[in-house]
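So the sequence shown is residues 1 to 400, counted in the UniProt record's numbering.
Glycine included, C-beta positions come from ideal geometry on N, C-alpha and C.
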Amino acid sequence: MPDEWCLREFNHVAPELAPVLPETLARMRSLCPVAHSEAHGGFWVVTKYEDVLRVAQDWETFTSTEGLNIPPYRGSVRNIPVEVDPPEQRVYKRMVNAHLTPKAIAHWEEPARALVTQLIDGFIERGECEFMDEFARPFPSVTFFDLALHAPRDEIAQVAEMASVSSVPNHPRAKEGWAGLSAWITNLLKERRGGPPRGDVVDAVLAAEHEGRPLDEAEAVGIVQLLVLGGLETTAGALGLTMLRFTRHPEIPALLRAEPERIPSAVEELLRLDSPFSAIARTATRDVELGGRQVKAGDKVLLYWASANHDADEFTDPDAFDAARSPNRHVAFGAGPHRCLGSNVARLNLRVALEELTRRLDDIKVADDSEIHFHNTLTRAPNSLRIAFRPGPRLGTPAG
């Protein structure tokens, strides 16, 4: 994008930005690490690692309570705990944390792998597939519905559509999406209250207390709403971006196929290189200097995780894939008190998916020469990704 646009007209939801986002962010890190855009009533764009980390960690100066989007929009309830600051935020986070630790979700691995096998079986004999529709979206969605929510699979498409339109600023159906999502979660909680406990995160929300009282409806819906938005969107985006990178850099899946023990560290590196959770907003609570610029109380500040993860001052050769990169202090899951609740779930899903995809798919290419279009707001993912590969045999292992 032109320098003038980067410096004064930056618009994170502009369609023309989506295909050139990495290059544009690189230019902004060089031109002006803290730039001011006149779009959407004016906001700051923060692109360097140390500045992004500072804002993310200083919740007293840069609050989350005024919304996480530019322009501001939200549903009828807050997304909890991400739109709440400490100390209250910590209270809400503890309510669900115990159900999302590596130990708590370890039993997810077997059914997750069975589902991955089933999905790959559905297209491997053809030697081609629409990867987003046939794998990247259904895998984390079904896993989340089956294991985290114990909700009906046949409602996934409806909920995913509501989550998608809700997360796009100025979408003509955003209000409808938020209302529908809240209504669906309210009904889920009502049904679960009348049924036996499942030992999952929904049970934790229903049993939780705040200041000596049960959570009210808005609090309970807000917590589950955040889990739904994260569970359906970001892992699918990470899988799509990773597969696109595999088509452009075949040496990466070849390495992981030959040395699968590298996959856990490769997951971290792929998240750093192609962060699906690309940005988030904060609001300044006081006048403050940031990157040599004067930010005023009430100003909106957009933190670019995806840019911080390519900052050469933090990462040597930042645009290169290094499966052995250490340290790798990427911020793909955010940073500070609002760091992603579901990071352990995402890591497990991505590891299992890459183990099976790299083992079974070879010679992966984009199936045609059509331009790849991206969904690009605060999250980033290919809208569609048709790939071709060497056909292989079905394994026939059913998902549980």
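I think residue i touches residue j, with their Cβ atoms under 8 Å apart; what is that distance to the nearest whole Å?
i	j	result
H150	V202	7 Å
A388	E128	4 Å
Y49	E314	4 Å
L302	D274	Not a contact, Cβ separation roughly 19 Å.
Y304	V46	6 Å
D51	S64	Going by Cβ atoms, the distance from D51 to S64 rounds to 17 Å, so no, they are not a contact pair.
A306	L53	That pair is no contact at about 14 Å.
Q89	P337	6 Å
D159	F139	Residue identity check: residue 159 is Val in the sequence provided, not Asp. That pair is no contact at about 15 Å.
V96	L341	7 Å
Measuring straight from C-alpha to C-alpha, what distance separates residue i and residue j?
i	j	result
T143	L188	17 Å
H40	P111	44 Å
L7	M28	7 Å
D311	P276	17 Å
P260	V34	40 Å
G67	G392	47 Å
P71	P214	33 Å
R137	A236	5 Å
L226	E217	14 Å
A220	V205	6 Å
H375	D287	34 Å
residue 416	R386	It is not possible to answer for residue 416, since the shown part of the chain is limited to 1 through 400.
N79	A208	16 Å
R390	P318	31 Å
E155	R394	27 Å
H12	D3	15 Å
A106	R262	20 Å
G177	I280	20 Å
R380	E191	33 Å
L378	P15	13 Å
A163	R257	34 Å
A284	E83	14 Å
E161	R126	28 Å
P382	T186	31 Å
E109	I372	31 Å
A353	R113	7 Å
A174	G298	25 Å
D363	E269	22 Å
P196	E355	35 Å
Determine the closest residue to residue i out of the options, with distance taken between C-alpha atoms.
i	options	result
P87	G67, D58 and A157	D58
W184	V228, R173 and V205	V228
H36	T377, I80, Q294 and I252	Q294
residue 404	E268, D216 and L147	This structure does not reach residue 404, given that the chain is present from 1 up to 400, and the question cannot be answered.
I252	H375, K365 and E134	K365
D322	A204, W305, V116 and S265	S265
H118	I105, E134 and W108	Note that residue 118 is Gln in the sequence shown, not His. Out of I105, E134 and W108, E134 has the C-alpha closest to the C-alpha of Q118.
R272	M95, G334 and F43	G334
D369	S384, M95 and L378	S384
E233	T63, E289, V345 and R257	V345
L31	L181, M1 and A160	M1
S182	A114, S166 and L270	S166
W5	E38, P19, L244 and P22	E38
P22	S278, L115, L100 and F62	S278
R351	H99, R193 and L239	L239
H99	V224, R193, L244 and L255	V224
Once DSSP output is grouped into helix, strand and coil, what is the label at residue i?
i	result
K300	strand
A312	coil
G400	For G400, the pLDDT reaches just 46, beneath the cut-off of 50, and the residue's location in the model is therefore unreliable, although a value from the coordinates is still provided. It is coil, neither helix nor strand.
F135	helix
V201	helix
F10	coil
A208	coil
V52	helix
P214	strand
T235	helix
W44	strand
K175	helix
L290	strand
S275	coil
P327	coil
E130	strand
V295	strand
G222	helix
I70	coil
I185	helix
A320	coil
Quick one: what's residue i bridged to in DSSP?
i	result
P2	DSSP lists no partner for P2.
K365	A388
S37	F43
F374	P382
F62	A284
Let me check you understand the geometry: is the CB of residue i closer than 8 Å to at least one non-hydrogen atom of the ligand COA?
i	result
P152	Among the components of this structure there are no ligands whatsoever, and the ligand COA is therefore not found.
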